[in-house]
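Protein sequence lines, in the order shown, are assigned to chains A and B.
Note that the first sequence covers residues 253 to 616 in the working numbering.
Note that the second sequence covers residues 253 to 616 in the working numbering.
What follows is a short report on a single structure.
Protein chains: 2
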Amino acid sequence: MLNQKREDSAVELSERKKKILRAVVESYIRTAEPVGSKALLELADLNVSSATIRNELADLTEQGYLEQPHTSAGRIPSPKGYRLYVNELMQEQRLSLEETKQINEALHLKMRELDKVIDQAGRMVSQLTNYPAFALAGNARKVTIRRFDLIMVDGNSFIVVVMTDSSVVRNKLIRLPVDLSEPQLQLLTTLLNTSFVGKTLDELTPELMRVAEHAAGSSYGLISLVVSFAMEVLEGLEHSAVYTAGTSHILDHPEYQDVGKAQKLMSYLSEEQALAESLPLPALGDDNTKILIGPENVAEELKDTSVVLASYDIGDGMKGVIGVVGPTRMDYAKVAAKLSYVADGLSKLFGQTELPPGKPEKEE
Amino acid sequence: MLNQKREDSAVELSERKKKILRAVVESYIRTAEPVGSKALLELADLNVSSATIRNELADLTEQGYLEQPHTSAGRIPSPKGYRLYVNELMQEQRLSLEETKQINEALHLKMRELDKVIDQAGRMVSQLTNYPAFALAGNARKVTIRRFDLIMVDGNSFIVVVMTDSSVVRNKLIRLPVDLSEPQLQLLTTLLNTSFVGKTLDELTPELMRVAEHAAGSSYGLISLVVSFAMEVLEGLEHSAVYTAGTSHILDHPEYQDVGKAQKLMSYLSEEQALAESLPLPALGDDNTKILIGPENVAEELKDTSVVLASYDIGDGMKGVIGVVGPTRMDYAKVAAKLSYVADGLSKLFGQTELPPGKPEKEE
DNA sequence: TTTAGCACTCTTCCTTCCTGAGTGCTAAAG
DNA sequence: CTTTAGCACTCAGGAAGGAAGAGTGCTAAA
């Protein structure tokens with residue numbers, strides 16, 4: 253028990269050990285069954301006997317790359333094993349033409365409202381990978397109002413259009429029990445634009461509202477009606493929403509045959525806020541995909557689960573993240589490839605301006 | 253085997269039989285365990301022996317109101333039994349003040365965009381009942397465009413605001429690689445409003461667009477850009493969206509300990525389109541809640557599942573539905589009460605105009 | 001360092017057996 | 001005719017006991 257072998261992760265593994273580790277991981281990913289020395293004879297094509305492989309397996313186990321469910325079972329990768337696999341052994345998966353085509357088509361989304369697109373992207377990823385997926389827009393810095401417009405509809409209703417400095421536009425139809433005149437509305441618009449533009453959510457204080465209301469004179473409580481809508485918009489943007497999709501895919505995988513486990517994970521995934529907060533979004537800076545294996549996750553509920561993340565640019569300096577959740581036995585290569593392809597697609601989608609009128613657009 | 257007893261559902265049950273049936277249903281709803289004659293001695297307070305109850309149980313079973321999982325188990329209600337219970341025996345559940353308060357608060361929703369409200373309502377119902385829930389807006393009749401407005405933002409971007417005759421307002425920010433002048437935009441607006449107002453989705457033909465584009469002259473492809481957005485809006489409204497929430501609650505119930513079963517139901521629920529189509533929405537006319545027990549459901553996937561529906565008014569003649577899905581062993585009384593309360597709340601929410609400016613609003 | 005051989009360990013699966021709950025039937029009592 | 005007590009019978013579910021088989025670790029030889 254007290255052996256003093258170096259279990260240091262700095263110790264380089266021999267090529268043969270790596271080959272074996274890789275074979276174990278890939279076989280286990282495919283079959284979800286522990287892998288034994290005999291099976292490895294074929295999988296990793298080494299010209300050695302099963303006994304030799306057994307020795308190597310014992311070493312790998314001792315160094316923490318593999319685990320044994322029980323004495324007479326084969327080996328399965330430990331989180332540390334997966335980590336090494338992901339860092340060094342995994343072959344970058346190239347998507348087939350089929351797959352890229354499929355994704356590209358799906359990315360031609362209708363209704364380009366930010367939140368709908370993000371939601372759709374999440375669903376798409378889930379369907380693509382057969383794992384639960386989530387998508388969220390990075391919560392922006394403080395957002396301010398850029399402008400108000402009021403559009404008269406008829407005697408007693410008008411549309412408020414609010415635009416933020418992040419170029420998000422929201423509108424609302426407001427119906428009133430009293431009549432309104434066009435000049436009144438004009439006046440109101442000017443007043444709103446002079447008093448509230450450039451303000452963040454926190455700066456829209458009740459006092460400010462009261463002052464403005466006073467200036468409005470005859471327009472009673474209209475100011476507060478419009479401004480409170482603007483506040484809802486700002487609030488909505490600061491608490492960036494999380495969209496989850498395909499949670500039922502959890503049940504596809506044998507590691508969640510135990511209903512208790514499945515339930516725990518599923519209900520965690522539906523607490524969208526908690527999920528968003530537990531993601532190490534800042535750490536995503538350099539590379540645009542990140543893989544979190546089992547205990548590397550912050551959230552307790554994800555400790556025996558892996559998460560693959562990819563970030564995309566929404567434009568205007570904002571970032572968003574899409575991700576996939578699954579058992580640690582996950583096809584990292586495939587998932588990472590798909591995710592990153594979708595993320596790139598989203599970035600492009602958000603980056604582009606409308607098609608130039610007149611000239612037909614060029615496909616790249 | 254060949255007994256000729258009338259199994260006719262027209263046969264009235266004796267009071268005692270009803271009392272027993274009710275006790276069976278309610279006990280089974282609570283415990284999910286088959287109910288035996290001895291247990292019933294206490295549950296239904298009848299001054300008879302267990303042997304008498306056994307006789308009655310045998311009758312009820314023969315008449316199809318109860319079932320026996322196996323010879324030596326107690327009885328559980330059949331769908332027919334639940335139906336009778338729901339129709340005649342169930343006591344209308346009154347919500348506690350606590351509960352109504354909770355619901356009322358949750359109904360004070362922010363961001364009153366139609367789809368967000370509906371989504372939120374679904375989530376709320378799911379949380380309230382601990383069953384998966386869904387919500388949808390009844391797909392409207394043909395929707396047409398009521399008006400267009402274009403708001404200039406700066407040299408090369410503007411906001412399109414489209415309003416439909418169902419008073420839905422949608423907007424989109426359009427950025428162009430070329431410059432635009434205010435007069436150009438004015439012209440465009442008039443053109444759009446004269447050419448496309450009052451048209452349904454089908455009537456927005458490519459020819460119509462071409463004619464208008466020609467009239468626009470110097471404004472190149474702007475017309476088609478704006479109109480295709482309008483088309484997306486109309487399309488979005490016709491394919492009314494379905495929102496599901498809380499599917500993980502399925503796993504809470506012992507009838508879905510079998511992962512296979514749970515998975516089937518869950519993946520059916522996530523096919524939101526199929527779900528919406530299988531609901532007998534027209535049949536919901538008269539009463540505003542409807543209960544579908546097991547095989548009464550149209551969809552094969554819901555045959556051993558119950559669905560409780562409640563409809564609400566969106567205004568403008570449109571209706572929406574919220575519903576809950578669960579095992580046939582469902583607390584119908586409670587669920588129906590909650591659902592109908594929420595539906596009423598939604599109707600009120602949509603019906604109301606904005607608060608009258610000046611006067612403080614009255615609570616009812 | 002590699003390999004063959006072999007004893008050993010455990011899980012998994014099957015069979016068997018037992019227990020207890022709940023029934024249906026019969027015959028007596030109201 | 002209805003109700004009740006008594007009793008034999010059925011059947012699911014759990015415990016116990018093997019038997020089979022996979023895979024290991026160790027030893028000793030190559």
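Don't be surprised by glycine CBs; every beta carbon is placed ideally from N, CA and C.
These numbers come from a predicted model, not from an experiment.
Taking the beta carbon of A:Leu503 as reference, the chain B residues within 8 Å of it are Val511, Ala514, Gln515, Met518, listed in sequence order. The beta carbon of B:Asp565 sits no closer than 8 Å to any beta carbon of chain A. Here B:Glu487 is exposed: its Cβ has fewer than 16 other Cβ atoms, across all protein chains shown, within 10 Å. Non-local C-beta neighbours of B:Ala468 in its own chain, meaning closer than 8 Å and more than five positions away in sequence, comprise Leu439, Leu440, Leu443, Leu474, Ile475, ordered along the chain. Residues of chain A whose Cβ lies closer than 7 Å to the Cβ of B:Val479 do not exist, since the nearest Cβ in that chain is about 13 Å away. Proximity to A:Pro286 across A:Gln320, A:Asp311, A:Val369, A:Ser409 peaks at A:Gln320, based on C-alpha coordinates. Residues of the same chain with a CB within less than 8 Å of the CB of B:Asn408, apart from the 5 flanking positions on each side, are Arg427, Leu428, Pro429, Val430, Asp431, Leu432 in chain order. In this structure, the CA atom of B:Ala551 is about 8 Å from the CA atom of B:Leu531. Around the Cβ of A:Ala589, a 10 Å sphere holds 16 or more other Cβ atoms; the residue is buried. Here A:Ala275 carries a helix assignment [DSSP, helix/strand/coil]. Considered as a whole, the stretch 467 to 546 of chain B harbours 474 to 490, 511 to 522, 524 to 530 as its complete alpha helix (DSSP H) runs of no fewer than 4 residues, in chain order.
Between the alpha carbons of A:Gln372 and A:Val559 lies a distance of about 19 Å. Within a 10 Å sphere around the beta-carbon of A:Lys290 sit fewer than 16 other beta-carbons, which makes this residue exposed.
Taking 8 Å as the CB threshold, A:Arg462 stays off the interface with chain B. The beta carbon of B:Val494 lies closer than 8 Å to those of Phe386, Ala387, Leu388, Glu524, Gln525, Leu527, Ala528 in the same chain, with the five residues before and after it left out.
The contact set of A:Met415 on chain B, defined by CB atoms closer than 8 Å, consists of Val405, Ile411, Leu425 in chain order. Comparing C-alpha distances from A:Ser279 to each of A:Ala296, A:Ser266, A:Gly603 shows the shortest one belongs to A:Ala296. The closest CA to that of A:Met404, considering only B:Glu465, B:Ala514, B:Tyr317, B:Phe400, is found on B:Phe400. B:Met415 and A:Thr499 have their alpha carbons spaced roughly 36 Å apart. Within a 10 Å sphere around the beta-carbon of A:Ala275 sit 16 or more other beta-carbons, which makes this residue buried. B:Pro458 is outside the set of residues whose beta carbon lies under 8 Å from a beta carbon in chain A. Beta-bridge partners assigned by DSSP to A:Asn423: A:Val413. For chain A, the residues of the stretch 486 to 499 of chain B that bring a beta carbon within less than 9 Å of one of its beta carbons are Glu487, Gly488, Ala497, Gly498, Thr499, in chain order. Unbroken alpha helix (DSSP H) runs of no fewer than 4 residues, entirely contained in the stretch 277 to 363 of chain A, are found at 289 to 295, 302 to 314, 331 to 336, 349 to 359, following chain order. For A:Val421, the nearest beta carbon of chain B is closer than 8 Å to its own beta carbon. Linking B:Leu347 to B:Tyr564 through their CA atoms gives a straight-line distance of about 19 Å. In the DSSP assignment, B:Asp401 falls outside any alpha helix (DSSP H) and within the unbroken beta strand (DSSP E) covering 397 to 406. Annotation: the continuous alpha helix (DSSP H) that includes A:Val377 extends over 366 to 381. Under the criterion of beta carbons closer than 8 Å, B:Val395 and B:Asp417 qualify as touching, at roughly 6 Å. Residues of chain B with a Cβ closer than 7 Å to the Cβ of A:Asp371 do not exist; the shortest Cβ-Cβ separation is about 10 Å. Of the candidates B:Lys571, B:Glu490, B:Gly288, B:Asp596, the residue whose Cα lies closest to the Cα of B:Leu453 is B:Glu490. Residues of chain B whose Cβ lies closer than 9 Å to the Cβ of A:Asp401 are, in chain order, Asp401, Ile403, Ile411, Val413.
Rounded to the nearest angstrom, the gap between the Cα atoms of B:Leu460 and A:Met461 is 47 Å.
For B:Gly603, the enclosing alpha helix (DSSP H) begins and ends at 584 to 603. Closer than 8 Å to the CB of A:Ser330 there is not a single CB belonging to chain B.
For B:Ser558, the uninterrupted beta strand (DSSP E) segment begins and ends at 558 to 567.
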